[in-house]
Amino acid sequence: MPMVSAFWLWRAAKRGGRQVGLALGLLGLSALNTGCALVGQGVDNVVFKAKESLEDCLERVRNRWWAKAAWDDVRNAHPEIKYSGDYADGFQEGFAEYLYAGGTGEPPPLPPRGYRTIHYQTPQGYQAIEEWFAGFRDGAAAARASGDRQWVTGPSSLRGPVNLPASPGLILPEPIPAEAGERLPPPREVPGAPGAKEAPPASGERGGNR
Numbered sequence: 001m002p003m004v005s006a007f008w009l010w011r012a013a014k015r016g017g018r019q020v021g022l023a024l025g026l027l028g029l030s031a032l033n034t035g036c037a038l039v040g041q042g043v044d045n046v047v048f049k050a051k052e053s054l055e056d057c058l059e060r061v062r063n064r065w066w067a068k069a070a071w072d073d074v075r076n077a078h079p080e081i082k083y084s085g086d087y088a089d090g091f092q093e094g095f096a097e098y099l100y101a102g103g104t105g106e107p108p109p110l111p112p113r114g115y116r117t118i119h120y121q122t123p124q125g126y127q128a129i130e131e132w133f134a135g136f137r138d139g140a141a142a143a144r145a146s147g148d149r150q151w152v153t154g155p156s157s158l159r160g161p162v163n164l165p166a167s168p169g170l171i172l173p174e175p176i177p178a179e180a181g182e183r184l185p186p187p188r189e190v191p192g193a194p195g196a197k198e199a200p201p202a203s204g205e206r207g208g209n210r
């Protein structure tokens with residue numbers, strides 16, 4: 001586009017000043033059109049990224065709700081066990097993270113930033129981090145066993161169909177069986193119809209012709 005515009009400017013300059021103004025106007029419109037296209041594409045990219053970030057945030061919040069519900073089920077199923085807060089945090093983190101990313105269910109190499117302070121550089125802090133790791137593994141295992149990640153990833157033609165509750169479809173009436181020995185009468189031949197055979201003459205008509 002710049003080479004073509006420069007050519008038209010040079011050609012217009014040879015023909016006269018009036019055409020130089022026309023060529024400059026065309027060049028300005030061309031640059032404006034290109035700029036508008038770039039701006040429109042940039043706006044589309046910004047809108048897409050914003051929508052993608054919002055969807056990602058909503059998905060993580062939803063996973064946190066599911067993880068909290070799963071942890072409540074664990075506590076209600078074993079009220080006699082006293083779980084530590086570190087184990088509970090790790091469980092919910094592992095459950096939510098497995099729903100989001102899948103994987104092996106193993107925790108990250110390092111604990112969250114809150115555990116990487118001088119306050120946890122003690123035997124008690126070491127034990128708290130170990131409990132967080134244990135809770136993460138159990139939470140990820142619970143998420144895998146629940147099968148909830150298939151609702152996140154959606155169906156795929158590469159794996160078999162999921163057993164979903166049967167939905168009511170089109171119900172066709174069952175055919176009525178014919179009674180034993182019942183047969184339909186043979187079709188009648190219509191006189192004059194194509195392919196119909198003529199009936200033989202009666203005996204009286206044969207004698208009258210002789």
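Read in order, the letters of the sequence shown correspond to residues 1 to 210 in our numbering.
Glycine residues also receive a C-beta, built at the ideal position from the N, C-alpha and C atoms.
A quick note: this is a predicted structure, and the numbers were derived from the prediction, not measured.
**OP:** With a threshold of 16 other CB atoms inside 10 Å of the CB of Q92, please say whether the residue is buried or exposed.
**Re:** By 1-based counting over the sequence shown, the position of residue 92 is 92. It counts as buried.
Original post:
Count the other CB atoms within 10 Å of the CB of G135; is the residue buried (16 or more) or exposed (fewer)?
Top reply: Position 135 of the sequence shown holds residue 135. G135 comes out buried.
**OP:** Alpha carbon to alpha carbon, how far is W71 from A88? Give it in angstroms, no decimals.
**Re:** The count along the sequence shown starts at 1 and reaches residue 88 at position 88. The count along the sequence shown starts at 1 and reaches residue 71 at position 71. Rounded to the nearest angstrom, the two C-alpha atoms are 7 Å apart.
**OP:** Evaluate contact between the stretch 101-109 and the stretch 49-69, counting only Cβ atoms and requiring at least three cross-stretch pairs below 8 Å.
**Re:** no
Subject >> Contacts around D86, its chain only, beta-carbon distance under 6 Å, and the 5 residues preceding and following it disregarded >> reply: For this step, residue 86 is matched to residue 86 along the sequence shown. Within the same chain, D86 has close Cβ partners A128, E131, W132.
Subject >> Bounding residues of the alpha helix (DSSP H) (the contiguous stretch that carries R144) >> reply: Here residue 144 corresponds to residue number 144 of the sequence shown, with the count starting at 1. It spans 123-146 - the alpha helix (DSSP H) in which R144 sits, taken as one unbroken run.
Original post:
Considering T153, what are the terminal residues of the alpha helix (DSSP H) in which it resides?
Top reply: Indexing the sequence shown from 1 puts residue 153 at position 153. First-last of the alpha helix (DSSP H) with T153: 149-153.
Subject >> Cα-Cα separation, P155 to R149 >> reply: Here residue 155 refers to the residue found at position 155 when the sequence shown is read from its first residue. Here residue 149 refers to the residue found at position 149 when the sequence shown is read from its first residue. Answer to the nearest angstrom: the Cα atoms are 11 Å apart.
**OP:** Pick out whichever of A96, G125, Y120 has its Cα sitting closest to the Cα of A141.
**Re:** For the purposes of this step, residue 141 is taken as the residue at position 141 of the sequence shown. Checking every option, the nearest Cα to that of A141 belongs to A96.
Subject >> Distance, Q41 Cα to D138 Cα >> reply: Counted from its first residue, the sequence shown places residue 138 at position 138. Counted from its first residue, the sequence shown places residue 41 at position 41. Those two C-alpha atoms are separated by around 46 Å.
**OP:** Buried or exposed for L158, please, with buried defined as at least 16 other CB atoms from any protein chain shown within 10 angstroms of its CB.
**Re:** Position 158 of the sequence shown, counted from the start, is the residue given in the question as residue 158. The residue is exposed, with fewer than 16 neighbouring Cβ atoms inside 10 Å.
Original post:
For G94, does the three-state DSSP call read helix, strand or coil?
Top reply: For the purposes of this step, residue 94 is taken as the residue at position 94 of the sequence shown. Helix at G94.
Original post:
P112 to S146, Cα distance in whole Å?
Top reply: As a working note, residue 112 is residue 112 in the sequence shown. As a working note, residue 146 is residue 146 in the sequence shown. C-alpha separation (whole angstroms): 25 Å.
**OP:** Work out the CA separation of L99 and L110 for me, nearest whole Å.
**Re:** To locate residue 110, count along the sequence shown from 1; it is residue 110. To locate residue 99, count along the sequence shown from 1; it is residue 99. So the alpha carbons of these two residues sit roughly 20 Å apart.
**OP:** Could you name the residues of the same chain whose beta carbon sits closer than 8 Å to that of Y115, not counting the 5 residues immediately before and after it, in chain order?
**Re:** Here the question's residue 115 lines up with position 115 in the sequence shown. Answer for Y115: G125, A128, I129, W132, listed in chain order.
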